[in-house]
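Report on one structure; see the data block that follows.
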Amino acid sequence: MLKIVHTADVHAGRPLSFELEEERRYIRRREVETALWRIVDFVKEENAQVLLIAGDMFEHLYARPSWVKDVALLFSTVPETRIFISSGNHDPLLPDSLYHGVDWPENVTIFDSASIGRVSFEAKRIEVDVYGLGWGAFVQRTSLLRGFKVKRPDRFNIVLLHADLADQSVYLPVKQGDIADSGANYFALGHIHVPMARNIAGTTVVYPGCPEPLDFGDEGQRGVYLVTCTGDSGISAEFVPMALRTVRAARVDLTGLDTGEQVRNAILSVDSPEARKRDIWKVALTGRLNPEIGLDLVGLRHEFAGEFFSLRLEPEFVMDYDLEPLIAPENQSLEARFVKSLMELRRRSEQEGDTQAVDTIVRAMYYGLDALRLGEIITRRRLD
Ligand SMILES: [Mn+2]
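Just so we're on the same page, the working numbering is the position in the sequence shown counted from 1, plus 540.
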């Protein structure tokens, strides 16, 4: 049984967008850089014959040359494993690419950017052809795979490519029809950071996703794909979670809470202490907040630095203003006239069925009341 480990989009060196304190920024950068070491450990555990890296292994603009040298040394620790790399839009094979400054061990193949290359070998009594093509620039609009067909359909054919599964893209567009016509068994792709596998006309097509989450959008599990192949073209692709931390979302309803301490305790009731300290959290604060509680979101984030590895508080609540006295006809204060005119606008938009306008008007009303009462505006992503 042939075993293949497929990864992509490590993005070593990338500046992280998580809201991390300085010391944790370093820790996280190292965790991203060392993902390849954990992947090679996995290759050893599984005794995999092939490791595929489908581009964006590092950041051309930020990675350190010594990191790439360390990777070359790392790869020499698995001399029996064939390692293939097709560069991507973040690590293109430019003249000053870090790929050129390193003596790669014999088991490593870095595909050229000029044309589709092919490497043939036999492993576990299966004859394998690996095709690959590296990027040579930051942008690639041409569908370089159009008309591509494997040379030997009787072999197990892999295509390794950093590409966008789309009709048009600046990130090397590949059409489903190109894959269907290629005759390949396995398309090892990179570029999309969410793991996914699909079958296109009998070809298994996989984006392994980034092995570690890189920004707040990378919610959910991250890892690599383990592909096993039996001689009679049977193939299975299994996602293996591997990330040290997960980006997670939670919601905390502030309605009915009366004191700052109650709000703190509500935020600290998110999951378990271990999960809070390990993971990267987006916590939406929802519902109605008692206006007496002066909530300092930046301060809270610092206060909870020891409680959450990373915490982003997303204000989605509204201040629980008592609107009754403001809509009373006899009240002609500035606040009252403001609220009444916006209520009227809202009523009209509701009649017209314009829900987007209603949302904007309600938001404007609370922004206005915040400005009048608190002297500041709390920007909210969404109103409940
Ligand atoms: Mn990428």
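Every residue, glycine too, gets a C-beta built ideally from N, C-alpha and C.
In the DSSP assignment, find the unbroken alpha helix (DSSP H) run with residue 818 in it and report its ends. 813 to 818
Which one of 788, 691, 675 and 882 has the shortest CA to CA distance from residue 703? 675
Closest residue to residue 745 among 775, 761, 755 and 760 (Cα-Cα distance): 775
Among 562, 617, 550 and 608, the one whose alpha carbon lies nearest that of residue 581: 617
Under 6 Å: does the beta carbon of residue 549 sit that close to some heavy atom of ligand 1? yes
Per DSSP, cross-strand counterpart(s) of residue 784: In the DSSP output, where bridge partners are listed per residue, residue 784 has none listed.
Which residue marks the beginning of the alpha helix (DSSP H) containing residue 895, and which one marks its end? 895 to 914
Go through the stretch 635 to 686 residue by residue and report every complete run of the beta strand (DSSP E) that reaches 3 residues or more, in order. 648 to 650, 657 to 663 and 666 to 673
In the DSSP assignment, what are the bridge partners of residue 859? 829
Give me, in chain order, the residues of the same chain whose beta-carbon lies closer than 7 Å to that of residue 684; leave out the 5 immediate sequence neighbours on both sides. 673 and 712
In whole angstroms, give me the CA-to-CA distance for residue 757 and residue 763. 16 Å
Among 814, 836 and 777, whose alpha-carbon lies nearest the alpha-carbon of residue 803? 836
Can you tell me whether residue 842 is helix, strand or coil according to DSSP? helix
Does the Cβ of residue 679 have 16 or more other Cβ atoms within 10 Å, making it buried, or fewer, making it exposed? exposed
Any idea what DSSP makes of residue 513, helix, strand or coil? The requested residue 513 does not occur in the structure, where the chain is confined to residues 541 to 924.
Taking all protein chains shown into account, decide if residue 767 is buried (16 or more other Cβ within 10 angstroms of its Cβ) or exposed. buried
Please find out if some non-hydrogen atom of ligand 1 comes closer than 6 Å to the beta-carbon of residue 758. no
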